[in-house]
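If you count the sequence shown from 1, position 79 lands on 79 in UniProt numbering, and the numbers rise without skipping. Every residue gets a Cβ at the ideal spot worked out from N, C-alpha and C, and that includes glycine. To start, the structure under review is shown below, and the notes come after it.
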Amino acid sequence: MADIQEAHTKLLQLPEKLDKNHQEILKPNSAQKVATTTLLKYNTEPLHEDLLLQEPPQHFIPPKFNLYDGSGDPLDYILQFKTNMALWPKCKDIFACLFQASLKGSAMDWYHRLPERSITSYDQLESLFVTQYIHNKRRQTEVTALFRCKQQPTESTKKYMDRFKKECLKADSPDENTCLMAFASGVNPTSAL
Numbered sequence: 001m002a003d004i005q006e007a008h009t010k011l012l013q014l015p016e017k018l019d020k021n022h023q024e025i026l027k028p029n030s031a032q033k034v035a036t037t038t039l040l041k042y043n044t045e046p047l048h049e050d051l052l053l054q055e056p057p058q059h060f061i062p063p064k065f066n067l068y069d070g071s072g073d074p075l076d077y078i079l080q081f082k083t084n085m086a087l088w089p090k091c092k093d094i095f096a097c098l099f100q101a102s103l104k105g106s107a108m109d110w111y112h113r114l115p116e117r118s119i120t121s122y123d124q125l126e127s128l129f130v131t132q133y134i135h136n137k138r139r140q141t142e143v144t145a146l147f148r149c150k151q152q153p154t155e156s157t158k159k160y161m162d163r164f165k166k167e168c169l170k171a172d173s174p175d176e177n178t179c180l181m182a183f184a185s186g187v188n189p190t191s192a193l
């Protein structure tokens, strides 16, 4: 009988113990605080309500984007983004809504750190984006660097020409005569043309 009495007493104390354990679980620990802070950081929406209320055109299918992670040339990325959106040139407000979906990593973090409801146009968002990542802009090659491009002894003239053309594309506005002179000076005299 004493065993039954003891079991009954323990059962009566069980809700009290469960309540204490439940309260202990609900106490915020450091991991929960970090998670809450992180979620709050991502709960802000930088786009103004007017942009968010824009309806996409009928039959609009969002294009697939290469995601920008904050490490590439922002001007190249903007050009790629606008090229993907070229079918809808009059829908710049939609551009702003879709732009955030094309970001990841540190670029997504940057976007969510923008002041809440502060972006009122795609042009404003683009300007802020380029300003933030302009340090990643691809450097253009000096025209004089074309004169350092030389044909290797084992390289065919065709391969050298292909490599030289790529270097010309990187150069800062080379004129045709400069390119021809640089190419000619780089041709290996022992190679067969």
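- When rounded, the separation of the alpha-carbon atoms in Phe95 and Ser127 is 13 Å.
- Leu67 sits close to Ser102, with the two beta carbons spaced by under 8 Å.
- In chain order, Leu51, Lys92, Asp93, Ala96 place their CB closer than 8 Å to the CB of Ser121, counting only its own chain and leaving out the 5 sequence neighbours on each side.
- In the three-state reduction of the DSSP assignment, Leu51 falls in the helix class, which pools H, G and I.
- Sequence-distant partners of Pro153 (beyond 5 residues in either direction) whose C-beta falls short of 7 Å from its own C-beta, in its chain, are Asn188.
- In this structure, the beta-carbon distance from Pro89 to Asn136 does not fall below 8 Å.
- About 16 Å separates the Cβ atoms of Glu176 and Cys149, ruling out a contact at the 8 Å cut-off.
- If you check the CB distance, Gln151 and Thr157 come in under 8 Å.
- For Ala182, the secondary structure class from DSSP, reduced to helix, strand or coil, is helix.
- Between His48 and the set Glu116, Ala171, Gly186, the nearest pair of CA atoms involves Glu116.
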